[in-house]
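Colleague:
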Amino acid sequence: MSGDVSDKKRLVAITKGNLANNHIYLSGHHDFFPGECYGNSKKKKGVGKELTLMVEGLDKSVKTDIGVNGANGRPRNFFRKRTWAREFFEKHELREGDVIAIERLKKFTYRIYPFESKKVREGTAIPDHWPEVDQEKPTAIDLFAGCGGMSVGLMKAGFENLLAVEWDPSCCETLNFNVPLYLLTFYTRRN
């Protein structure tokens with residue numbers, strides 16, 4: 001049971017340019033957006049079908065398309081409307097190197113949220129996309145999780161299983177099937 005999440009979610013690292021110019025680079029991700037959302041180079045010449053961006057931390061959704069370069073007709077590498085980006089960066093204290101997620105909810109609806117920030121890497125914050133931990137339940141981690149038997153047993157016994165660690169790709173596939181609640185991160189060690 002293998003799969004690719006690239007058709008549902010893309011991760012984008014924040015750059016100095018993003019912070020200075022209030023935008024998020026979309027280069028390398030144009031296949032993630034429907035062709036109808038690309039409009040002309042100038043708004044007055046016509047816009048594409050609007051995307052709805054549900055931006056975490058903002059009160060209202062953002063309606064925007066993606067323009068094309070007037071000189072070569074290629075898609076621009078950011079959303080046409082960009083004023084919301086500064087508020088998003090400031091609200092979540094995003095810095096160069098932090099990672100955001102763009103998640104497709106429907107064909108023209110996307111969710112944008114911080115995925116990993118410096119505070120998360122330093123251990124001073126918990127990512128917003130992690131589930132809440134039930135303080136009433138005992139907690140556990142499952143090291144060398146294999147196919148997830150221990151994780152399933154812990155959950156059935158009433159434990160809040162915070163983490164399952166496994167290195168074998170085949171076991172990870174089975175673990176994902178048996179315990180689909182986990183966010184799987186694959187890391188390949190090269191010799």
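Numbering (the working numbering), first residue to last: 1 to 191.
Ideal Cβ placement from N, Cα and C applies to all residues, glycine included.
State the Cα-Cα distance for the pair Leu94 and Ser117, rounded to the nearest angstrom.
Modeller: Those two C-alpha atoms are separated by around 7 Å.
Colleague: At which residues does the alpha helix (DSSP H) containing Thr83 begin and terminate?
Modeller: Start and end: 83 to 91.
Colleague: Spatial neighbours of Met46 within its chain, please: C-beta separation below 8 Å, excluding the five flanking residues on both sides.
Modeller: A small correction: the amino acid at residue 46 is Gly; Met does not occupy that position in the sequence shown. So the list reads Gly39, Asn40, once near-sequence residues are dropped.
Colleague: Would you decide whether Gly67 is buried or exposed? Buried here means 16 or more other CB atoms lie within 10 Å of its CB.
Modeller: It counts as buried.
Colleague: Check Tyr187 in the structure and name its three-state DSSP category.
Modeller: Low confidence applies here, because Tyr187 scores a pLDDT of 48, under 50, leaving its location unreliable and the question unanswered by this model.
Colleague: Taking 8 Å as the limit between beta carbons, can you name the residues of its chain near Ala140, skipping five residues before and five after?
Modeller: Cβ within range, chain order: Leu154, Phe159, Glu160, Asn161, Leu162.
Colleague: Counting only runs of 3+ residues fully inside the segment 42 to 75, write out the beta strand (DSSP E) ranges in chain order.
Modeller: Complete beta strand (DSSP E) runs here, min 3: 51 to 55, 62 to 64.
Colleague: Report all residues from its chain with a CB closer than 6 Å to the CB of Met1; omit the five preceding and five following residues, and keep chain order.
Modeller: With a pLDDT of 34 at Met1, under the threshold of 50, the predicted position of this residue should be treated as unreliable, though the coordinate-derived value follows. Result list for Met1: Glu173, Phe177, in chain order.
Colleague: By Cβ distance, which residues of its chain are closer than 8 Å to Ile134, with the 5 residues on each side in sequence left out?
Modeller: Reading off the sequence, residue 134 comes out as Asp, not Ile. Answer for Asp134: Glu160, listed in chain order.
Colleague: Quick check: what's the CA-CA separation for Asp59 versus Arg82?
Modeller: When rounded, the distance between both Cα atoms is 16 Å.
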